[in-house]
Amino acid sequence: KQACSLRDGFSIFEEKAIKVLGVSMDDEKSHQKFISKYNLPFTLLADTNHAIADAFESYGEKQFMGKTYTSVLRKTFLIDETGKIKKVFDKVKVEEHAGEVLQAFGE
17 KQACSLRDGF SIFEEKAIKV LGVSMDDEKS HQKFISKYNL PFTLLADTNH
67 AIADAFESYG EKQFMGKTYT SVLRKTFLID ETGKIKKVFD KVKVEEHAGE
117 VLQAFGE
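Laid out in structure tokens, this is it:
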């Protein structure tokens with residue numbers, strides 16, 4: 017749903033010259049299927065060894081149904097043209113996410 021929210025707002029991102037990249041621990045073959053299934057207009061990066069997730073502190077403990085496990089933490093990073101992180105979205109509200117990113121971009 018997060019990817020679909022960004023897909024739905026993609027034309028506005030393009031107008032504002034905002035580049036969208038997705039990252040997950042799935043492999044490239046899985047990404048190609050996901051891109052096709054959901055008609056995503058942006059690149060998905062395969063982080064199979066979670067090096068990117070580790071670097072962005074997006075891999076750690078989660079809790080679900082009383083159990084703790086280690087997994088990718090769903091986050092979005094708004095990074096400016098110099099490579100500086102402008103905003104981190106730790107709590108992604110999927111339905112509103114594209115709008116939140118656009119609002120933060122304008123700040």
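Each residue of the sequence shown is one higher than the last, beginning at 17 in the working numbering.
Virtual Cβ for every residue (Gly too), placed ideally from N, Cα, C.
Inter-residue spacing [alpha-carbon to alpha-carbon] between residue i and residue j
| i | j | result |
| --- | --- | --- |
| L61 | Y54 | 16 Å |
| E97 | A33 | 10 Å |
| K109 | A19 | 12 Å |
| T59 | G115 | 20 Å |
| V36 | G25 | 10 Å |
Boundaries of the alpha helix (DSSP H) in which residue i is found, first to last residue
| i | result |
| --- | --- |
| I68 | A67 to A71 |
| V117 | H113 to G122 |
| S52 | E44 to Y54 |
In DSSP terms, what residue i is bridged to
| i | result |
| --- | --- |
| Q18 | According to DSSP, Q18 bridges with nothing at all. |
Buried versus exposed call for residue i [16 or more other C-beta atoms within 10 Å across all chains shown]
| i | result |
| --- | --- |
| A67 | exposed |
| T64 | exposed |
Where the beta strand (DSSP E) through residue i begins and ends
| i | result |
| --- | --- |
| I34 | It is not in any beta strand (DSSP E) - I34 carries neither H nor E in the DSSP assignment. |
| G25 | It is not in any beta strand (DSSP E) - G25 carries neither H nor E in the DSSP assignment. |
On the three-pair Cβ rule with 8 Å, is the segment 70-83 touching the segment 44-51? Flag = no, the segment 70-83 and the segment 44-51 do not touch.
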